[in-house]
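In UniProt numbering, the protein residues as written are 1 to 425.
Backbone N, C-alpha and C define an ideal beta-carbon position, used for all residues, glycine too.
So the structure is just underneath, and the comments pick up after that.
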DNA sequence: TCTGGGGTCCTAGGACCC
DNA sequence: TCTGGGGTCCTAGGACCC
């Protein structure tokens, strides 16, 4: 058996940790980061967790108690987090035989060595990320991705381990005892629905699931859960990211700060959202053969609500923002109900293909390639800023009433010259 | 008054083909 | 009472993840 193992490295409370790098006054205090429109809590410091604040808690429900708790809230600052993520991934990647970036704050890593060497590597990674980027990480090491996730969780929950847990360095009976105690729902890939169905079969703990018959699990659930069972028993079943397919869909979707009720406003929204989606296509070097536009009223209001959705297929796949904007506006004009109080909308692209792919036969002769508008817009924006140019209402100088609210935002410390942190010595 | 945004993978079922 | 078999492709929806 090879002694290559899999590490899962992730940043503790990533968004909060990013905020703390640039505002050390937040150290030791309860801190939360809010979703777009300052809607609900998406990240919490350990102190905020101790206050009993849950992920997803609406900000308006706890806002009035914040001062009494000494709780600090920040709007989410994805430019900052994205840039910090790239720095963390670069440092972590130096230590692996391979690296599979799984999310904004996690990556899997190939590590070679005996249990003691793996633990030492984990400690080196922690120290390097702290020194070079300034955020704390935890490291779990095991034989499969599912077990590495489990080990990482042990590292997080036991401060005595110093943020590193190599599963094979622990006594097996100790590991078994933990697996007997922790519910299966604590595993990667086992959500609430699956957990409650498992429970009805008498499978409650991780140990129960590990001992379950993989064939039976596949029959009653799916190949996904079967893989979890096999990974718990040390058989690798989850392929690395580079072996997985290319991106399948791209979406741009946002809720509004104030409801949209008129057709004219909804057309504005589609104009802007389709352009934002088109810009993503351009960044990825893709074109789309199918676009879905959606909108929705509040899920929390009573009554039926209105959730229009329309899909447009393009005979000739396109990345042209003018084509996409026109189609999105026309589709939504037919689907949205005038007077309904819409709180969100989105644009999704499917059937993606690289721009380098051979063009589909253009039967109707409409797709004569002119200057690539998307590329021109992208170039102008990267030089002069994201609001520098746009199509139609997308080129407004003043944000419309429905646009996003971020009242508690921190500066984009690392990606905007005008917002660099200032150091006084 | 105020409740996120973006993805992945799998499965079932229908359309269509020979 | 009988009314193929086998295959592909596509889509919608479910479940999960961070």
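For residue 405, the CB contacts under 7 Å within the same chain, skipping 5 residues up- and downstream, are 37, 38 and 257 in chain order. For a cut-off of 8 Å, the C-beta gap from residue 149 to residue 188 is around 4 Å, short enough to register as a contact. Annotation: residue 125 to residue 92 spans about 6 Å, alpha carbon to alpha carbon. Judged by their CB atoms, residue 295 and residue 215 are not nearer to each other than the 7 Å cut-off. Ranked by Cα distance from residue 255, the first of 329, 174, 347 and 90 is 347.
Closest option to residue 354, judged by alpha-carbon separation, among 286, 209, 52 and 265: 286. At a Cβ-Cβ threshold of 7 Å, residue 133 and residue 94 do not count as neighbours.
Spatial neighbours of residue 253 in its own chain (CB-CB distance under 8 Å, excluding positions within 5 residues in sequence) are listed in chain order as 273, 294, 344, 345, 346, 347 and 348.
Of the candidates 302, 341 and 275, the residue whose Cα lies closest to the Cα of residue 327 is 275.
Bounds of any alpha helix (DSSP H) do not take in residue 238, whose DSSP letter is neither H nor E. Counting only runs of at least 3 residues, the region 199-270 fully encloses the following beta strand (DSSP E) elements, listed from N- to C-terminal order: 250-260. Within the model, the alpha-carbon separation for residue 180 versus residue 144 is close to 19 Å.
With respect to residue 108, residue 100 sits close: the two C-beta atoms are nearer than 7 Å. Relative to residue 265, the option among 70, 111, 75 and 403 whose CA is nearest is 403. Setting aside the 5 residues that flank it on each side, residue 76 is surrounded in the same chain by 15, 33, 34, 35, 36 and 42, each with a C-beta closer than 7 Å to its C-beta; the list follows chain order.
A direct Cα-Cα distance of roughly 26 Å separates residue 318 from residue 307. Counting along the chain, residue 14 sits inside the alpha helix (DSSP H) bounded by residues 14-22.
Residue environment: residue 422 is assigned as exposed (fewer than 16 neighbouring CB atoms within 10 Å of its CB, all protein chains considered). For the set 320, 337, 329 and 220, the Cα lying nearest the Cα of residue 297 is the one of 337. Positions of the beta strand (DSSP E) runs, each at least 3 residues long and wholly inside the region 40-84, are given as 41-44 and 72-75 in order along the chain. Relative to residue 2, the option among 310, 280 and 234 whose CA is nearest is 234. In this structure, DSSP gives residue 324 a helical state, which the three-state scheme calls helix. The Cβ-Cβ distance between residue 212 and residue 229 falls below 7 Å. The secondary-structure analysis by DSSP pairs residue 99 across a beta bridge with 109.
Exposure of residue 384 is indicated by the presence of fewer than 16 other C-beta atoms within 10 angstroms of its C-beta. At the C-beta level, residue 167 and residue 142 come within 7 Å of one another. Contact check for residue 40 against residue 56 passes: the beta carbons are separated by less than 7 Å.
Residue 152 places its beta carbon less than 7 Å from that of residue 138.
Rounded to whole angstroms, the separation of the alpha carbons of residue 410 and residue 19 is 8 Å. Ranked by Cα distance from residue 104, the options 248, 290 and 80 are led by 80.
Rounded to whole angstroms, the gap between the alpha carbons of residue 45 and residue 389 is 38 Å. By the neighbour-count criterion, in which a residue is buried when 16 or more other Cβ atoms sit within 10 angstroms of its Cβ, residue 116 is exposed. Comparing alpha carbon positions, the residue from 342, 351 and 282 closest to residue 321 is 282. In this structure, DSSP gives residue 169 a helical state, which the three-state scheme calls helix. The straight-line gap separating the alpha-carbon atoms of residue 120 and residue 9 is approximately 14 Å. Per DSSP, residue 354 is one residue of the beta strand (DSSP E) stretching across 342-354.
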